[in-house]
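>
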Amino acid sequence: MRAMNYRGPQRVRIEDKPMPEILHPEDAIVRVTRSCICGSDLHLYNGNVPDTRVGMTFGHEFIGVVEEIGSEVHKLKVGDNVLVPFNIACGKCAFCKQGLYGNCHESNPEATAVGGIFGYSHTAGGYNGGQAEYVRVPYANFGPTVIPEGMDPDDAVLLTDVVPTGYQAAEMGGIQKGDTVVVFGAGPVGIMAARCAWLFGAARVIIIDHIEYRLEFAKNYAKCEAYNFKSMNDPVVFIKKETDWLGADVVIDAVGAEAEGSAMQSITGRKMLLQAGSATALHWAINSVKKGGIVSIVGVYGPTSNLVPIGNVVNKGLTIRANQASVKRLLPKLIEHVKNGTLKPKGLITHRIPLEAIADAYRIFSDKLDNCIKPVLIPSTAKY
Ligand SMILES: NC(=O)c1ccc[n+]([C@@H]2O[C@H](COP(=O)([O-])OP(=O)(O)OC[C@H]3O[C@@H](n4cnc5c(N)ncnc54)[C@H](O)[C@@H]3O)[C@@H](O)[C@H]2O)c1
Ligand SMILES: [Zn+2]
Ligand SMILES: [Zn+2]
Numbered sequence: 023m024r025a026m027n028y029r030g031p032q033r034v035r036i037e038d039k040p041m042p043e044i045l046h047p048e049d050a051i052v053r054v055t056r057s058c059i060c061g062s063d064l065h066l067y068n069g070n071v072p073d074t075r076v077g078m079t080f081g082h083e084f085i086g087v088v089e090e091i092g093s094e095v096h097k098l099k100v101g102d103n104v105l106v107p108f109n110i111a112c113g114k115c116a117f118c119k120q121g122l123y124g125n126c127h128e129s130n131p132e133a134t135a136v137g138g139i140f141g142y143s144h145t146a147g148g149y150n151g152g153q154a155e156y157v158r159v160p161y162a163n164f165g166p167t168v169i170p171e172g173m174d175p176d177d178a179v180l181l182t183d184v185v186p187t188g189y190q191a192a193e194m195g196g197i198q199k200g201d202t203v204v205v206f207g208a209g210p211v212g213i214m215a216a217r218c219a220w221l222f223g224a225a226r227v228i229i230i231d232h233i234e235y236r237l238e239f240a241k242n243y244a245k246c247e248a249y250n251f252k253s254m255n256d257p258v259v260f261i262k263k264e265t266d267w268l269g270a271d272v273v274i275d276a277v278g279a280e281a282e283g284s285a286m287q288s289i290t291g292r293k294m295l296l297q298a299g300s301a302t303a304l305h306w307a308i309n310s311v312k313k314g315g316i317v318s319i320v321g322v323y324g325p326t327s328n329l330v331p332i333g334n335v336v337n338k339g340l341t342i343r344a345n346q347a348s349v350k351r352l353l354p355k356l357i358e359h360v361k362n363g364t365l366k367p368k369g370l371i372t373h374r375i376p377l378e379a380i381a382d383a384y385r386i387f388s389d390k391l392d393n394c395i396k397p398v399l400i401p402s403t404a405k406y
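Just so we're aligned, residue 23 is where the sequence shown starts under the working numbering, counting upward by one.
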């Protein structure tokens, strides 16, 4: 089959790879009909996540058709159209029982933090992902969810990550009616977080980035205010000024390890790899939220440490909430939001690129070219 192959930082290509096989009676093999590239893939692509191995196939956002099932798969049948949450979760361990499906204890037993993730580094279990024609899906009785009749596949593929992550970013912010919410990062995740902040009763939503086309897009899509941090002396002072010098009620970090805006953070975090990526947006979040406020982090950082102003967290009495999104927990609610039109995920998709052109797709998304917000990859075997 044709599959993306990681060759090292900024080097990906499409290659022939062996077809995935059923390795466990609860596995399924899915023929991919759509997959996406995510900001999380960029951390791997740019060499920021330890133990990202040459030869791996990335891709944790995908939908497809069930082609084969193991002898103990009872909840799916061959031919089902499924959306597959990016977290690999058993559904049965103590963490899954709490709804912490991003922290499953079974799917990534050698790690103590994150559970398994499709197409990520070996710190997340080393599972090959969906930027391919076919993919092996473990725990097939639990994760894969049959796509509701009539749902647009472009909406369905965004339910595997972007929509639940944006929603959970807002949810973890504990937004109260009337709150001012600031979102750092106007990528697909930040834009969805800004959109979802309104659902929780925010009175004012502000998004901050430095890429003008994304700010314009966010303004229209999420109906929020949008500002360029490059045109401010200091984004923290800007937010204070905008909030009677108190700070925002809730600040969301939807940037993570690739953050720009501080030479010191970029050099130590992205060039010298002395910390787990650049923590610039997280700094700004901690310093611009009000005393007693909540910082919600969905931006991804590597497993090692980061330079963050922890003293300010203590002295301001902040609550920090963070996680990989628990996709399966949120799906029932989010499927309803998509069905009734409250959320329109496919509006984020700007590019449809054949899987064969994967190297171009990564470059366009990584370098923020051609007004790209979210690219979708289509394998030639997708058949629709
Ligand atoms: N927690 C989860 O479950 C989860 C799921 C999906 C993605 N993520 C993470 O969310 C983050 C965003 O993902 P995405 O797909 O939107 O990525 P993206 O790369 O498309 O977007 C990130 C945006 O942040 C902007 N940015 C850079 N530095 C900034 C700064 N200092 N302040 C404000 N904005 C800044 C960039 O210009 C870019 O537009 C990534 O870190 C990704 O790994 C987390
Ligand atoms: Zn993703
Ligand atoms: Zn589990």
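Glycine included, each C-beta is placed from N, C-alpha and C at the ideal position.
Ignoring anything shorter than 4 residues or poking outside the region 232–293, list the alpha helix (DSSP H) runs there in chain order.
234–244, 257–264, 285–288
> Any beta carbon from chain B within less than 7 Å of F260's own beta carbon?
Considering every chain present, this structure includes no chain B. It has just one protein chain.
> Closest by CA to I274, which one among S284, S253, V317?
By 1-based counting over the sequence shown, the position of residue 274 is 252. Nearest option by C-alpha distance: V317.
> For V104, which beta-bridge partners are listed by DSSP?
Position 82 of the sequence shown, counting from 1, holds the residue named residue 104. In the DSSP output, where bridge partners are listed per residue, V104 has G86, V168.
> With a threshold of 16 other CB atoms inside 10 Å of the CB of Q287, please say whether the residue is buried or exposed.
The residue given as residue 287 occupies position 265 in the sequence shown. Under this definition Q287 is a buried residue.
> Using the beta-carbon count (16 or more within 10 Å), is S253 buried or exposed?
Indexing the sequence shown from 1 puts residue 253 at position 231. S253 counts as exposed, since fewer than 16 other beta carbons sit within 10 angstroms of its beta carbon.
> Can you give me the C-alpha to C-alpha distance between K366 and V227, rounded to a whole angstrom?
As a first step, residue 366 is located in the sequence shown; it is residue number 344 there, counting from the start. As a first step, residue 227 is located in the sequence shown; it is residue number 205 there, counting from the start. Taking the straight line from one Cα to the other gives about 18 Å.
> Hey, could you find the ends of the alpha helix (DSSP H) I380 is sitting in?
Indexing the sequence shown from 1 puts residue 380 at position 358. Residues 380–388.
> Just grab the DSSP bridge partners of V317 for me.
Mapped onto the sequence shown, residue 317 falls at position 295. Note: V317 sits in a beta bridge opposite V273, I342.
> Taking a cut-off of 6 Å, which residues have a beta-carbon closer than that to any heavy atom of ligand 2, in chain order?
The set, ordered by position in the chain, is C60, S62, H82, E83, F108, D183.
> Can you tell me whether DSSP reads P175 as helix, strand or coil?
What you label residue 175 is simply residue 153 of the sequence shown in a count that begins at 1. Residue state, collapsed to three classes: helix.
> I need the straight-line Cα distance from T364 to I380, nearest angstrom please.
Residue mapping note: residue 364 aligns to position 342 of the sequence shown, counting from 1. Residue mapping note: residue 380 aligns to position 358 of the sequence shown, counting from 1. Roughly 32 Å between the two C-alpha positions.
> I'd like to know if the region 280–295 and the region 61–75 are in contact, where contact means that at least 3 CB-CB pairs between them fall below 8 Å.
yes
> Could you check if A248 belongs to the surroundings of ligand 5, using beta carbon to heavy atom distance under 6 Å?
The ligand content of the structure shown is limited to ligand 1, ligand 2 and ligand 3, which means ligand 5 is not among them.
> Between G321 and ligand 1, is the CB less than 6 Å from at least one heavy atom?
Here residue 321 is taken as the residue at index 299 of the sequence shown, counted from 1. Distances taken from the Cβ of G321 to the heavy atoms of ligand 1 include one shorter than 6 Å.
> Out of G121, G124, V95, G86, which has the shortest C-alpha to C-alpha gap to V106?
Position 84 of the sequence shown, counted from the start, is the residue given in the question as residue 106. Checked all of G121, G124, V95, G86; the closest Cα to V106 is G86.
> Are three or more beta carbon pairs between the region 334–343 and the region 170–177 nearer than 8 Å?
no
> Does the contact criterion of 3 or more C-beta pairs under 8 Å hold for the region 43–56 versus the region 157–172?
Between the region 43–56 and the region 157–172 there are three or more inter-stretch CB-CB distances shorter than 8 Å, so the stretches are counted as touching.
> Considering only their Cβ atoms, is the gap separating M23 from E155 smaller than 7 Å?
As a working note, residue 155 is residue 133 in the sequence shown. As a working note, residue 23 is residue 1 in the sequence shown. Yes.
> Within its chain, find whatever has a CB closer than 7 Å to the CB of M41; leave out the 5 residues flanking it on each side and keep chain order.
Start at 1 with the first residue of the sequence shown, and residue 41 comes out as number 19. Answer for M41: M23, Y156, listed in chain order.
> Spatial neighbours of L304 within its chain, please: C-beta separation below 6 Å, excluding the five flanking residues on both sides.
Counting from one through the sequence shown, the residue named residue 304 turns up at place 282. Once the five neighbours on either side are set aside, the close Cβ partners of L304 are D275, V330.
> Work out the CA separation of C58 and L370 for me, nearest whole Å.
The sequence position of residue 370 within the sequence shown is 348, counting from 1. The sequence position of residue 58 within the sequence shown is 36, counting from 1. Their backbone Cα atoms lie some 12 Å apart in a straight line.
> Out of A219, L180, K262, G209, which one is the CA nearest neighbour of M194?
Within the sequence shown, residue 194 is the residue found at index 172, counting from 1. Of A219, L180, K262, G209, the residue nearest in Cα terms is A219.
> Pick out the complete alpha helix (DSSP H) segments inside the region 172–228, 4 residues or longer, and give them in chain order.
175–180, 184–194, 210–221
> Less than 6 Å separating the Cβ of G132 from some heavy atom of ligand 3?
Within the sequence shown, residue 132 is the residue found at index 110, counting from 1. What sits at residue 132 in the sequence shown is Glu, not Gly. False, no ligand heavy atom lies under 6 Å from that Cβ.
> Specify, as a first and last residue, the run of the alpha helix (DSSP H) that E358 falls within.
On the sequence shown, residue 358 is found 336 positions in, with the first residue counted as 1. That run of the alpha helix (DSSP H) goes 349–361.
> Under three-state DSSP, which class holds C394?
As a position in the sequence shown, residue 394 is number 372, starting the count at 1. Coil at C394, not helix or strand.
> So for P331, helix, strand or coil by DSSP?
As a first step, residue 331 must be located in the sequence shown, where it is residue number 309. Three-state result, P331: coil.
> Hey, could you find the ends of the beta strand (DSSP E) I373 is sitting in?
If you number the sequence shown from 1, residue 373 lands on position 351. Going by the sequence as given, residue 373 is His instead of Ile. 371–376 is the extent of the beta strand (DSSP E) around H373.
> Under three-state DSSP, which class holds A298?
Taking the first residue of the sequence shown as position 1, residue 298 is located at position 276. A298 falls in the coil class under three-state DSSP.
> Starting from D63, follow the alpha helix (DSSP H) in both directions and report where the run begins and ends.
By 1-based counting over the sequence shown, the position of residue 63 is 41. 61–67 is the extent of the alpha helix (DSSP H) around D63.
> Return the bridge partner residues of V57 from the DSSP annotation.
Counting from 1 along the sequence shown, the entry for residue 57 is found at position 35. Per the sequence presented here, residue 57 reads as Ser, with Val not at that position. BP columns for S57 point to F84, L399.
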